[in-house]
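S.K.: Counting from 2, one number per residue, gives the positions in the sequence shown under the working numbering.
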Amino acid sequence: MPNPIRRPPRVAAPWLRTRLRAAPGAALALAVLVAVTACLAAAFPRALGRYEDAALRHTVDKAPRNWSSVQLSAPEPYATLPQAERERLLNAEVLAQQYARVRALPRAPLTTDPGQSTYGVRTKVDLETADPWLPRPSELPARMSLVAQAGLAEHARLRGGRLPHLSGPVTARTAEVEGAVTAATARTLHIEVGSVIHVPALDRGWFAVRITGIVEPLDRDDAYWSYDPLLHEPLLVKLPPGGPDSPSYWLGALLLPPEAGPALLGTTGNPYPFWRLTPRQDALHHQDLDRLRSAVGSLVSGPDLRTIRGFTSPYTDANTKLDRVLGSYDRLQSAISPLIAVAVFGTGTVVVVVLMMAGGLAADRRRTELALLRARGASLSGLTVRLLAETAVVAVPAGALGLAAALLVLPDARALPAALAALAVTVLACVALPLRAAAAHRVVRLHEARQDVTSVRPSRRRTVAELTLVVIAAGAVEALRRQGTSGDQLVSAAPVLVGVIAALVLVRLYPLPLRGLARPAGRLRGFVAHLSLARAGRTSASAVLPLLALLTALTTAAFGGSVLAGVDQARDRAALLEVGADARIESITYPLATGLADRVGNVSGVRNVTAVSVDYQGRPGNGRHSVPVVGVDPARYADLARETKLGAFPAGELAGGGRGEALPALASQAVAERYGRAPFEVALADGSTVTVRITLVRAVTPAVPSENFLVVDRAGLATEAARPTALLVSGEHADGDALRRAAGSAVFVRVRAAERARYADSPLQSGTERLYAAAVAAGAGYAVLALMLALLRTAPERGALLARLRTMGLTRAQGRRLLVLESLPQAALAALGGVLTGWAAIRLLSPGLDLTVIALPASSSTPSRAELHTDPLSLTVPALAVIAVTVGVAAVQAWWSGRRGTVRELRVGDGR
Numbered sequence: 002m003p004n005p006i007r008r009p010p011r012v013a014a015p016w017l018r019t020r021l022r023a024a025p026g027a028a029l030a031l032a033v034l035v036a037v038t039a040c041l042a043a044a045f046p047r048a049l050g051r052y053e054d055a056a057l058r059h060t061v062d063k064a065p066r067n068w069s070s071v072q073l074s075a076p077e078p079y080a081t082l083p084q085a086e087r088e089r090l091l092n093a094e095v096l097a098q099q100y101a102r103v104r105a106l107p108r109a110p111l112t113t114d115p116g117q118s119t120y121g122v123r124t125k126v127d128l129e130t131a132d133p134w135l136p137r138p139s140e141l142p143a144r145m146s147l148v149a150q151a152g153l154a155e156h157a158r159l160r161g162g163r164l165p166h167l168s169g170p171v172t173a174r175t176a177e178v179e180g181a182v183t184a185a186t187a188r189t190l191h192i193e194v195g196s197v198i199h200v201p202a203l204d205r206g207w208f209a210v211r212i213t214g215i216v217e218p219l220d221r222d223d224a225y226w227s228y229d230p231l232l233h234e235p236l237l238v239k240l241p242p243g244g245p246d247s248p249s250y251w252l253g254a255l256l257l258p259p260e261a262g263p264a265l266l267g268t269t270g271n272p273y274p275f276w277r278l279t280p281r282q283d284a285l286h287h288q289d290l291d292r293l294r295s296a297v298g299s300l301v302s303g304p305d306l307r308t309i310r311g312f313t314s315p316y317t318d319a320n321t322k323l324d325r326v327l328g329s330y331d332r333l334q335s336a337i338s339p340l341i342a343v344a345v346f347g348t349g350t351v352v353v354v355v356l357m358m359a360g361g362l363a364a365d366r367r368r369t370e371l372a373l374l375r376a377r378g379a380s381l382s383g384l385t386v387r388l389l390a391e392t393a394v395v396a397v398p399a400g401a402l403g404l405a406a407a408l409l410v411l412p413d414a415r416a417l418p419a420a421l422a423a424l425a426v427t428v429l430a431c432v433a434l435p436l437r438a439a440a441a442h443r444v445v446r447l448h449e450a451r452q453d454v455t456s457v458r459p460s461r462r463r464t465v466a467e468l469t470l471v472v473i474a475a476g477a478v479e480a481l482r483r484q485g486t487s488g489d490q491l492v493s494a495a496p497v498l499v500g501v502i503a504a505l506v507l508v509r510l511y512p513l514p515l516r517g518l519a520r521p522a523g524r525l526r527g528f529v530a531h532l533s534l535a536r537a538g539r540t541s542a543s544a545v546l547p548l549l550a551l552l553t554a555l556t557t558a559a560f561g562g563s564v565l566a567g568v569d570q571a572r573d574r575a576a577l578l579e580v581g582a583d584a585r586i587e588s589i590t591y592p593l594a595t596g597l598a599d600r601v602g603n604v605s606g607v608r609n610v611t612a613v614s615v616d617y618q619g620r621p622g623n624g625r626h627s628v629p630v631v632g633v634d635p636a637r638y639a640d641l642a643r644e645t646k647l648g649a650f651p652a653g654e655l656a657g658g659g660r661g662e663a664l665p666a667l668a669s670q671a672v673a674e675r676y677g678r679a680p681f682e683v684a685l686a687d688g689s690t691v692t693v694r695i696t697l698v699r700a701v702t703p704a705v706p707s708e709n710f711l712v713v714d715r716a717g718l719a720t721e722a723a724r725p726t727a728l729l730v731s732g733e734h735a736d737g738d739a740l741r742r743a744a745g746s747a748v749f750v751r752v753r754a755a756e757r758a759r760y761a762d763s764p765l766q767s768g769t770e771r772l773y774a775a776a777v778a779a780g781a782g783y784a785v786l787a788l789m790l791a792l793l794r795t796a797p798e799r800g801a802l803l804a805r806l807r808t809m810g811l812t813r814a815q816g817r818r819l820l821v822l823e824s825l826p827q828a829a830l831a832a833l834g835g836v837l838t839g840w841a842a843i844r845l846l847s848p849g850l851d852l853t854v855i856a857l858p859a860s861s862s863t864p865s866r867a868e869l870h871t872d873p874l875s876l877t878v879p880a881l882a883v884i885a886v887t888v889g890v891a892a893v894q895a896w897w898s899g900r901r902g903t904v905r906e907l908r909v910g911d912g913r
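Rendered as structure tokens:
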């Protein structure tokens with residue numbers, strides 16, 4: 002007979018839903034932490050990739066087009082071939098078909114730009130013209146290069162006449178063709194529409210080119226024109242030896258239609274066909290650099306060139322310096338990457354520690370709950386899986402959201418590194434809580450013991466493990482000190498290695514002096530100082546992680562701040578060396594006008610003007626070497642050198658001499674070693690000579706940015722040689738435009754501030770600065786978060802302590818002092834340790850780091866390398882910020898505990 006009383010069905014509350022509803026604030030905090038961290042982690046490789054791609058394209062774009070383009074050329078068709086075959090090899094249709102096959106041949110990622118690539122025929126030998134109306138500066142006839150290059154209509158606009166074209170068959174017997182010239186060529190060589198230019202022909206008198214149009218390049222920087230600047234602008238060529246009095250002649254280019262190629266066989270110019278390929282810059286990516294260099298090598302001297310020779314000429318050759326351009330970028334990137342990796346390792350370590358601390362905080366807050374579950378029979382594996390699922394429900398969507406935000410904010414970059422970085426953050430956030438809980442609840446316990454070092458002494462295994470880690474880290478640091486920065490991984494991990502050593506050592510040592518101070522503090526009136534020192538001396542046994550996070554963040558901040566400060570100092574000094582003062586007004590050819598110094602001195606913002614004469618063609622001794630000779634007013638120039646800190650010297654050391662006596666001279670180290678201290682003659686550009694004797698040696702001087710110079714008293718020079726050719730202007734707020742208006746257009750005006758602004762040459766250099774600043778800021782933010790997590794972990798216990806002490810008469814002011822004094826030793830420890838580790842890391846890495854690769858462009862001629870030095874602000878400001886945040890948090894906690902009241906803090910059954 003069935004039982005009429007039925008039991009109600011059991012309702013099992015889902016674990017995940019119950020936990021999320023029980024602690025929505027903690028779930029939201031974890032989601033925000035994971036989303037922000039995943040977004041930053043995913044954004045970093047994408048931002049770095051964008052900077053690297055931009056730097057690669059910038060390097061190729063700034064290189065001369067005859068370097069970055071690949072030109073394939075075949076020799077002139079041999080005279081032993083039938084004439085019809087020779088003409089066919091230069092036929093426009095044949096060349097167009099060959100050009101199409103050549104363009105399709107390069108392997109990815111070497112993609113050619115059809116708008117800047119071209120083909121055609123041009124003469125190898127410049128042809129003398131027979132027309133007397135063309136300019137003849139030294140009674141030498143002008144010469145012309147005949148260029149039948151395809152694509153003129155697409156790359157130029159008409160300024161007059163019409164574009165040249167040919168109708169009917171063109172052979173080597175064609176006596177006249179149509180052509181065009183650029184506006185610059187027409188203006189310089191007096192060419193007009195309708196002009197006929199004659200050049201030598203084979204087997205007959207002259208080959209004529211009738212000018213039918215004058216064109217203007219649409220873009221002179223386009224490879225079509227800039228590969229050979231002669232195409233758009235004529236050159237004044239000087240005959241050997243090339244001095245100012247050497248004979249010269251004009252050399253220009255006549256632009257023929259591509260169909261005129263066979264007609265050039267009738268000239269003496271040795272015409273040859275060519276096919277020019279210019280890479281597409283938007284298709285260049287850093288990750289393809291090795292494949293790109295391989296593709297260039299194949300095209301220049303590999304299988305692709307062998308294939309091209311099969312359908313053009315067996316003697317077709319390739320001419321390019323694109324491999325050098327790519328190599329210069331590779332050297333820049335290789336020099337900068339260790340510096341970037343330092344910031345990545347340091348900030349990444351802080352992030353890992355913060356995520357682990359977040360998991361540890363959650364495990365500590367749920368210690369009682371998890372211990373109860375273990376006591377009631379929950380298996381360790383089952384509990385770990387439940388905690389993993391609980392965390393993954395929150396962390397996985399948050400990580401995906403952070404990744405999506407990074408992809409949206411930074412488009413046009415590789416997605417795989419960003420996805421892997423976000424995945425690593427998400428996985429670490431998911432496993433931090435389960436692993437920490439599994440480690441804490443391996444053994445079922447009925448009661449939790451205190452976790453400070455008073456009751457939890459480090460085990461022998463932990464002591465051995467810590468000693469082993471310290472020895473390994475110290476060995477790695479010593480290896481890094483010996484080998485310099487050649488080992489990229491050790492360089493990158495230097496702040497972390499130093500931080501690990503300092504954290505392990507300081508955590509073990511710092512309770513000892515605090516306990517010693519607690520005894521004399523106990524004799525003082527009041528108990529706050531004694532109690533705070535005693536509690537600070539019983540630090541938590543798990544204080545290594547927050548201290549490691551703070552030390553690594555402070556070390557990275559100090560290193561990054563010192564790098565940025567060093568870059569600024571290097572640029573300031575390089576600009577000062579280049580200009581010599583705050584501004585420089587100089588005439589290279591002629592002396593400056595009389596009264597110019599007075600006009601410049603009246604410009605707003607100008608504090609002082611120092612006039613100097615600079616002869617860049619001074620010839621000391623036997624005249625084999627040229628040395629710049631600077632004539633100065635010793636008193637004013639000594640003041641300038643002392644003010645700029647560029648080779649300061651006493652003014653009296655240059656005074657005297659003249660009238661048969663040797664002039665005292667200030668020389669560079671190289672000049673002093675070459676000519677010694679004995680008197681010697683120097684021949685100047687105006688024909689005069691002066692006898693000098695080196696009395697002072699300095700590495701640099703304001704007047705010339707060179708490693709070779711001689712500085713003498715201007716009063717001892719001839720009248721013409723003593724006339725000023727440069728003005729060195731002092732005044733931080735001098736206006737460059739006002740100086741140019743005062744100086745006129747016949748001189749060059751350079752301003753130190755403008756010179757400095759152009760030093761961030763490559764996007765990789767400026768991008769490295771931004772990434773460093775972002776990494777330092779992120780590391781500082783996560784360090785503050787680590788500090789907050791460490792304080793939140795002990796907040797319940799400290800709140801309960803205040804509540805108990807208030808029942809014994811503790812005032813609110815005393816409570817604030819107690820919490821501040823208790824937290825202050827740990828903050829001071831982290832600040833002092835951060836200063837020491839930052840100083841140690843900088844001293845460790847500075848001998849092998851040259852900041853010139855970040856600070857200055859590759860073409861800079863600065864004579865000295867930019868070394869890494871300790872920046873006091875970068876060391877002290879973050880450390881003081883840690884102390885300020887710690888004190889502020891302790892004061893806020895004391896204030897908040899007072900508002901909550903004693904009853905709420907002291908609940909029955911609370912184990913705090």
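All residues carry an ideal CB built from backbone N, CA and C; glycine is no exception.
(1) Within 8 Å, do at least three Cβ pairs link the segment 343-359 to the segment 780-787?
(2) Comparing alpha-carbon positions, which option in A181, V630, L21 lies nearest T702?
(3) Looking only at DSSP bridge pairs, what is S614 linked to?
(4) Please give me, in chain order, every unbroken run of the alpha helix (DSSP H) with length at least 4 that falls completely inside the segment 364-441.
(5) Measure the C-alpha to C-alpha separation of S456 and R509 and round it to an integer number of angstroms.
(6) Cα-Cα, which of A151, K125, E155 is closest to V95?
(7) Considering only the alpha carbon of each residue, which of A439, A264, R123, G116 lies closest to D365?
(8) Does DSSP classify Q282 as helix, strand or coil?
(9) Is it true that the segment 637-656 meets the segment 619-626, where meeting means three or more beta-carbon pairs spaced less than 8 Å apart?
(10) For R807, which beta-bridge partners are listed by DSSP?
(11) Return the first residue and the last residue of the beta strand (DSSP E) that V238 is part of.
(12) Nearest CA to the CA of G1: which residue from V471, G403, T321, T556?
(13) May I ask you to list the residues that DSSP assigns as paired with G162?
(14) Helix, strand or coil for A181, going by three-state DSSP, please let me know.
(15) Quick check: the Cα distance between L41 and L513, rounded to an integer number of angstroms?
(16) Please tell me whether A842 and L852 are closer than 8 Å, where the distance is taken between their beta carbons.
(17) Can you tell me which of the three DSSP states A25 falls into?
(18) Could you pull the start and end residues of the beta strand (DSSP E) that H199 belongs to?
(19) Report the partner residues of M145 according to the DSSP bridge assignment.
(20) With DSSP run on the structure shown, which of helix, strand or coil describes I192?
(21) Helix, strand or coil: which one does DSSP assign to E587?
(22) Verify whether the separation of the beta carbon atoms of L49 and T269 is less than 8 Å.
(23) With 16 as the cutoff for other CB atoms within 10 Å, does I473 come out buried or exposed?
(24) Could you spell out the range, first to last residue, of the beta strand (DSSP E) harbouring Q72?
(25) Compute the Euclidean distance between the alpha carbons of A612 and V713, then round it to the nearest angstrom.
(26) Quick one: grab the DSSP three-state call for Q150.
(27) Using 8 Å as the threshold, is the segment 301-316 in touch with the segment 325-343, meaning 3 or more CB pairs across them?
(28) Among G253, G835, Q117, V122, whose alpha-carbon lies nearest the alpha-carbon of P136?
(29) Out of P115, I192, E140, point me to the one whose CA is closest to P248's CA.
(30) Return the CA-CA distance between V345 and A776, expressed in angstroms with no decimal places.
(31) Output needed for L697: all residues of its chain with C-beta closer than 6 Å, excluding positions within five of it in sequence on either side, in chain order.
(32) With H, G and I counted as helix, E and B as strand and the rest as coil, what does DSSP make of W896?
(33) Taking the alpha helix (DSSP H) that V730 belongs to, which residues open and close that run?
(34) Just to confirm my understanding: we take L430, look at its own chain, exclude 5 residues before and 5 after, and list those with CB closer than 6 Å. What are they?
(35) I'd like to know if the segment 19-27 and the segment 738-748 are in contact, where contact means that at least 3 CB-CB pairs between them fall below 8 Å.
(36) Under 6 Å Cβ to Cβ from R281, same chain only, skipping five residues before and after it: list those, please.
M.R.: Concretely, from the data shown:
(1) yes
(2) Minimum Cα distance to T702 is reached at V630.
(3) G632
(4) 368-376, 381-410, 417-441
(5) In this prediction, S456 scores a pLDDT of 46, lower than 50, which makes its location untrustworthy; no coordinate-derived value is stated.
(6) The shortest Cα separation from V95 among A151, K125, E155 belongs to A151.
(7) In terms of Cα proximity to D365, the closest of A439, A264, R123, G116 is A439.
(8) Helix, per DSSP.
(9) no
(10) Beta-bridge pairing links R807 to no other residue.
(11) 236-239
(12) Because residue 1 is not part of the residues shown, which for the chain are 2 to 913, the question remains open.
(13) G214
(14) When DSSP states are grouped into helix, strand and coil, A181 belongs to the strand group.
(15) 40 Å
(16) Taking 8 Å as the Cβ cut-off, A842 and L852 do not qualify as a contacting pair.
(17) A small fix is needed here, since residue 25 is Pro in this sequence, not Ala. Correct three-state label for P25: helix.
(18) Under the DSSP assignment, H199 falls in the beta strand (DSSP E) whose first and last residues are 197-201.
(19) Bridge partners of M145: L128, G253.
(20) coil
(21) Strand, per DSSP.
(22) no
(23) exposed
(24) 71-74
(25) Between the C-alpha atoms of A612 and V713 there is a straight-line separation of about 13 Å.
(26) strand
(27) no
(28) Selected option, being the one with the closest Cα: G253.
(29) E140
(30) 7 Å
(31) F650, E654, L667
(32) Under the three-state reduction of DSSP, W896 is assigned to helix.
(33) Where V730 is concerned, there is no enclosing alpha helix (DSSP H), although the beta strand (DSSP E) it sits in stretches over 727-731.
(34) Here the sequence assigns Ala to residue 430, which means Leu is not the residue at that position. For A430, where only same-chain residues beyond five positions count, the Cβ hits under 6 Å are V35, L356, A396.
(35) no
(36) T112, D114
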